[in-house]
Structures are given as C-alpha cells and as structure tokens.
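The next block holds one structure in the form of structure tokens; read it before the comments.
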Amino acid sequence: MISIVQNQTPSLLTIEGTPIWSGANVQSFNSLAIAWSIAPKMFSIGARYQWVTIAYLLGFIVPVPFWLMNRYFPRQGIWSYLNLSIILWYGGYLVVGINSSVFMYYYIGAFGQFYLRKYRPAYFVKWNYLVSAGLDGGTQVMVFLLTFAVAGGSGVSRPFPAWAGNPASGNVDKCMYNPANG
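Everything in the sequence shown is counted per my numbering, starting at 134 for the first residue and increasing by one.
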C-alpha cells in the first residue's frame with residue numbers, strides 16, 4: 134500500500150485521477166461526512182434530497198406484498214425465493230458507472246443456483262462451491278498481479294498493446310460517446 138501511494142501520489146491528488154488510480158473512493162468519505170452533518174437541510178421532506186429519507190419507508194413497504202404472497206400462496210414456491218433486498222441492491226449497480234461485469238454475476242449465479250441445482254444436483258454438490266472459491270481466488274490473484282505488473286503499483290505502468298480488442302484511441306469499451314461529457 135505504501136509503494137502504491139508513493140508511486141501514484143500525483144494521480145491520487147488530482148480531481149480526475151487516471152482510469153486506474155483515483156482518490157475518489159476515499160474522498161467520498163469526506164463528502165458523506167459533510168452531507169450528513171447538514172442532514173436536516175438536505176434530507177428532510179421538502180429538501181433537495183428528500184427521496185433519500187422517503188426511500189427508507191419504501192424499503193420497508195416494498196417487500197410486504199411479496200411476503201403476503203408467500204404467506205397466502207405457499208404452494209407457489211417462487212415467492213419464498215425472491216429476496217428483494219439482494220435483487221434491488223444489485224439492480225442499483227445497473228444505473229451507475231461501468232456495469233458490464235454485473236451481467237456475469239447474474240449469469241453465473243443463475244446458472245449455478247437454478248440450472249445446476251435443479252437439473253444436475255450431483256454436479257452442484259460436488260463442484261459449485263469449489264468453482265465459486267476458484268473464481269473468487271482467481272479474481273483476487275489477478276487483481277493483485279495486474280495492480281503491480283500492469284497498472285503501475287510498483288512505480289511504472291505497462292499498458293496493454295493496441296490490437297482489435299484494445300484500440301489505441303477512441304472509446305475502448307465500444308460504447309456510444311456521450312457528447313455531454315465534452
């Protein structure tokens with residue numbers, strides 16, 4: 134951590150950072166501390182961010198119909214499998230930032246929990262948790278290696294070579310350019 138902060142200090146101190154290194158996550162704690170210190174002026178009913186306060190009430194009310202359906206129609210098993218807290222939490226990822234990885238979370242989760250558990254229970258029991266641990270561990274190892282070998286955590290960044298899947302210019306993710314961004 135010390136070597137990353139020492140090597141990336143200029144990027145961490147700028148407002149925009151770089152595509153890889155940014156102090157925005159840490160700075161968000163300062164912003165939240167200021168926002169919540171003046172909470173009555175920002176979050177009360179009639180204030181600019183009143184929906185944050187109203188969302189607490191909505192979060193309490195939204196699961197009630199699903200609970201009632203599960204209680205009065207227990208033979209329809211789907212109601213006991215719907216966990217709105219988890220569904221809405223991950224659904225919230227779809228409206229902010231880069232969310233292309235969220236599809237893979239949904240796909241792998243649905244494949245493992247619905248298809249394998251129902252149609253291949255022996256595979257599910259034998260391999261599901263092992264594959265899950267492998268995916269988690271592999272992700273952590275790759276993040277560590279890429280942080281130091283590619284992203285400049287050790288002092289010098291080594292960008293990937295330009296090719297068809299990684300163009301040298303333009304939108305790397307092939308998404309439509311938003312003219313509002315300048």
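All C-beta atoms in this analysis are idealised placements derived from N, C-alpha and C, irrespective of residue type, glycine included.
Between the alpha carbons of tryptophan 260 and glycine 270, how many angstroms are there, rounded?
A direct Cα-to-Cα measurement between tryptophan 260 and glycine 270 gives close to 15 Å.
Is asparagine 163 helix, strand or coil by DSSP?
helix
Would you give the residue range spanned by the alpha helix (DSSP H) that isoleucine 194 belongs to?
183-194
Return helix, strand or coil for asparagine 158, following the three-state DSSP convention.
helix
Considering just the uninterrupted stretch of the alpha helix (DSSP H) at proline 384, what are its terminal residues?
Residue 384 is absent from the structure shown; the chain starts at 134 and stops at 315.
Can you tell me which of Pro198, Ile241, Ala301 and Thr142 puts its alpha carbon nearest to the alpha carbon of serine 213?
It is Pro198.
Just how far apart, CA to CA, sit threonine 272 and methionine 237?
13 Å
In this structure, how does DSSP classify asparagine 203 when only helix, strand and coil are distinguished?
helix
Residues in the same chain with beta-carbon distance under 6 Å from proline 140, minus the five sequence neighbours each way, listed in chain order, please.
Here residue 140 turns out to be asparagine, not proline, going by the sequence shown. Taken in chain order, the residues that qualify are Gly288.
What span of residues does the alpha helix (DSSP H) with proline 173 cover, start to end?
172-176
Taking Cβ to Cβ, would you say valine 138 is nearer than 8 Å to leucine 146?
no
Tell me which same chain residues have a C-beta within less than 7 Å of the C-beta of arginine 208, skipping the five on either side of it?
Counting only Cβ-Cβ distances below 7 Å, and skipping sequence neighbours, we find nothing.
So, using beta-carbon positions, are phenylalanine 176 and valine 185 closer together than 8 Å?
yes
Taking DSSP as the reference, what is the three-state secondary structure of asparagine 232?
coil
Please return the same chain residues whose Cβ sits closer than 6 Å to the Cβ of isoleucine 171, not counting the five positions on each side in sequence.
none
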